[in-house]
Structure formats: structure tokens, C-alpha cells
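Trainee: Taken in order, these protein sequences are the chains called X and E.
Okay, so the first sequence: first residue is 14 according to this note's numbering, each after it adds one.
Okay, so the second sequence: first residue is 264 according to this note's numbering, each after it adds one.
Ideal Cβ positions, reconstructed from N, Cα and C, are used throughout, including at glycine.
Remember, it's a predicted structure, so these values are computed and weren't measured experimentally.
This is the structure, below, for whatever I ask next.
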Amino acid sequence: AQSVTQLGSHVSVSEGALVLLRCNYSSSVPPYLFWYVQYPNQGLQLLLKYTSAATLVKGINGFEAEFKKSETSFHLTKPSAHMSDAAEYFCAVRKAGGTSYGKLTFGQGTILTVHP
Amino acid sequence: EAGVTQFPSHSVIEKGQTVTLRCDPISGHDNLYWYRRVMGKEIKFLLHFVKESKQDESGMPNNRFLAERTGGTYSTLKVQPAELEDSGVYFCASSQGLQETQYFGPGTRLLVL
Numbered sequence: 014a015q016s017v018t019q020l021g022s023h024v025s026v027s028e029g030a031l032v033l034l035r036c037n038y039s040s041s042v043p044p045y046l047f048w049y050v051q052y053p054n055q056g057l058q059l060l061l062k063y064t065s066a067a068t069l070v071k072g073i074n075g076f077e078a079e080f081k082k083s084e085t086s087f088h089l090t091k092p093s094a095h096m097s098d099a100a101e102y103f104c105a106v107r108k109a110g111g112t113s114y115g116k117l118t119f120g121q122g123t124i125l126t127v128h129p
Numbered sequence: 264e265a266g267v268t269q270f271p272s273h274s275v276i277e278k279g280q281t282v283t284l285r286c287d288p289i290s291g292h293d294n295l296y297w298y299r300r301v302m303g304k305e306i307k308f309l310l311h312f313v314k315e316s317k318q319d320e321s322g323m324p325n326n327r328f329l330a331e332r333t334g335g336t337y338s339t340l341k342v343q344p345a346e347l348e349d350s351g352v353y354f355c356a357s358s359q360g361l362q363e364t365q366y367f368g369p370g371t372r373l374l375v376l
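If you want it as C-alpha cells, here you go:
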């Protein structure tokens, strides 16, 4: 069974500060990992994904994440927060094969607040 | 190209009533997924269609939920009869291939009173 844990349901940063959203996963088979963002009144939008290529993945809007197998982590970072980054962020895992390998398993979500 | 669309955006019904949610995937996407987020909880998988066939329905909570995808295009999710615990946001997503990115719709916010 797969699971995802996002540490911190709320993260607050100042504009221009580093953004770090934590995600740890467990999976019995090699996983694919994703970060999605949901802006108010919108659907989930893919920020970036790891699919067993480079361990450092760059996404949209200046975000990146590093897959660390030894730590079972896939933390999301952005060097400098912008007000427009305020949203809810979801980490998700999907199996790379086997049964039920289409479905995404999500973490609880982290609401990012950016204050001036 | 139009994204995934869902209808209605909001629905308020009373316990015991029936509600039908609709999802129109991106054109050409064979894979269609339903997810649900109950307030305060994580987004959870409900089921997965490949064209008109149910590939995986392991997340469907009980037999009050019925999903269909006639002709392999749009999908409907019917809840009958609705219970209080069915309240939440129902998301639909689609992908072209199984390994491809899942694109999500804006969700339907269901409130059962």
C-alpha cells in the first residue's frame, strides 16, 4: 500500500523568502511522485513530476523538488516566494506498475500563505 | 483546447435525495478518474475508466455510488440515496495514456443536508 505524508497543514512565509513544503511517501514498488497546486476556485494543476529520470525535477513557476530515495522524501522548494504562490499544495504518489497503477494517492495538502 | 469540465460546480441536496455529477474529459483522453475530498481529509481515489470500461473501482465507498461512462466520452457519478457523509468536493481527471499526466477539473462541491 502507498501513503503520502505532508508535514504541516499550513505554512506561512514572507514574500521573497524560501518556500519549503515537505512530503514523505511510502511505497512497496518504485513510485512516480507529483506535486499539484490548487488555487482558489480552480482545479488541481500539475507543478512537477518525478518518473525515475533525474532526481532533481524542475517545474512551473520556479518550483523544484528533489527525489531522495534514502529518505523517502520529495520536498518542494522555491527560492523566493511570491504573493501569487498562495494556494494549497498536494503531494501525490502513483505506482510505476502492478495493479491499480493508474490512481494517485494524495497527501493531506499544505496551505501556503505568503505575506508581504 | 478545453480542459476537464465538471457540472454542476455546486450542489446542495437533502439527505436521501439523488444527485448526478457529470465530467467531460479532455477530448481524446481514454483514461478518466474520479476522486473525492471530504472536508478536512485528503483527496481520495474513487475509480478509473479506460474508455467505457471500469479499470479500477477499488475506491468506491459503497453501492450508493454508481459511475458510468457511456461511449467512452463523458462520465457521470450518481449518488443515491445521498447521506451526510457524502458531502465534499468531487474531482474528475483525465489522461491520454495511463502513464501520462492527469489533468483535473475544478470539482463539484456537494453538500448534503
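With the cut-off set at 8 Å, would you say phenylalanine 76 of chain X and threonine 68 of chain X are in Cβ contact?
Mentor: The residue you call residue 76 of chain X lines up with position 63 of the first sequence. The residue you call residue 68 of chain X lines up with position 55 of the first sequence. Going by C-beta atoms, phenylalanine 76 of chain X is not nearer than 8 Å to threonine 68 of chain X.
Trainee: Could you tell me the alpha carbon to alpha carbon distance between valine 267 of chain E and threonine 364 of chain E, rounded to whole angstroms?
Mentor: Counted from its first residue, the second sequence places residue 267 of chain E at position 4. Counted from its first residue, the second sequence places residue 364 of chain E at position 101. Whole-angstrom Cα-Cα distance: 13 Å.
Trainee: DSSP on glycine 291 of chain E, reduced to helix/strand/coil?
Mentor: Within the second sequence, the letter at position 28 stands for residue 291 of chain E. Here glycine 291 of chain E sits in coil by DSSP.
Trainee: 8 Å is my cut-off, CB to CB: does phenylalanine 354 of chain E come that close to chain X?
Mentor: For the purposes of this step, residue 354 of chain E is taken as residue 91 along the second sequence, with counting starting at 1. At least one chain X Cβ lies under 8 Å of phenylalanine 354 of chain E.
Trainee: Taking 8 Å as the CB-CB limit, is phenylalanine 119 of chain X close to chain E?
Mentor: Taking the first sequence and counting its residues from 1, one reaches residue 119 of chain X at position 106. For phenylalanine 119 of chain X, the answer is yes, since a Cβ of chain E falls inside 8 Å of its Cβ.
Trainee: Identify the contact partners of threonine 103 of chain X in chain E, using a Cβ-Cβ distance below 7 Å as the criterion.
Mentor: What you label residue 103 of chain X is simply residue 90 of the first sequence in a count that begins at 1. As written in the sequence, residue 103 of chain X is phenylalanine, which differs from the threonine given in the question. Simply Ile306.
Trainee: Within 10 angstroms of the Cβ of leucine 329 of chain E, are there 16 or more other Cβ atoms? Answer buried if so, exposed if not.
Mentor: On the second sequence, position 66 is the one that residue 329 of chain E refers to. Leucine 329 of chain E comes out exposed.
Trainee: Tell me whether proline 288 of chain E is buried or exposed, calling it buried when 16 or more other Cβ atoms sit within 10 Å of its Cβ.
Mentor: Position 25 of the second sequence, counting from 1, holds the residue named residue 288 of chain E. The residue is buried, with at least 16 neighbouring Cβ atoms inside 10 Å.
Trainee: In or out: histidine 292 of chain E buried (at least 16 other Cβ within 10 Å) or exposed?
Mentor: Mapped onto the second sequence, residue 292 of chain E falls at position 29. Classification of histidine 292 of chain E: buried, given that the 10 Å Cβ count is 16 or more.
Trainee: Under a CB-based cut-off of 8 Å, is aspartate 319 of chain E close to chain X?
Mentor: On the second sequence, residue 319 of chain E is found 56 positions in, with the first residue counted as 1. Output row for aspartate 319 of chain E: interface = yes.
Trainee: Which residue from X:Cys104, X:His23 and X:Gly115 puts its Cα closest to that of serine 3 of chain X?
Mentor: Residue 3 of chain X lies beyond the range of chain X shown here (14 to 129); nothing can be said about it.
Trainee: Output yes if chain X places a C-beta closer than 8 Å to the C-beta of phenylalanine 328 of chain E; else output no.
Mentor: By 1-based counting over the second sequence, the position of residue 328 of chain E is 65. By this cut-off, phenylalanine 328 of chain E is not an interface position.
Trainee: Does DSSP put glutamate 77 of chain X in a helix, a strand or coil?
Mentor: Within the first sequence, residue 77 of chain X is the residue found at index 64, counting from 1. DSSP places glutamate 77 of chain X in strand when its eight states are reduced to three.
Trainee: By Cβ distance below 7 Å, which residues in the same chain neighbour glutamine 121 of chain X in space, the five residues on each side in sequence not counted?
Mentor: Here the question's residue 121 of chain X lines up with position 108 in the first sequence. For glutamine 121 of chain X, where only same-chain residues beyond five positions count, the Cβ hits under 7 Å are Gln19 and Ser22.
Trainee: Can you say whether alanine 345 of chain E is buried or exposed, counting buried as having 16 or more other CB atoms within 10 angstroms of its CB?
Mentor: Indexing the second sequence from 1 puts residue 345 of chain E at position 82. So alanine 345 of chain E ends up on the buried side.
Trainee: Using a Cβ-Cβ cutoff of 9 Å, what residues of the stretch 55-76 of chain X are near chain E? List them in chain order.
Mentor: Listed by position along the chain: Gln55, Gly56, Leu57, Gln58, Leu59, Lys62 and Thr64.
Trainee: Between valine 24 of chain X and threonine 90 of chain X, is the Cβ-Cβ spacing less than 8 Å?
Mentor: For the purposes of this step, residue 24 of chain X is taken as the residue at position 11 of the first sequence. For the purposes of this step, residue 90 of chain X is taken as the residue at position 77 of the first sequence. No, the Cβ-Cβ distance between valine 24 of chain X and threonine 90 of chain X is not below 8 Å.
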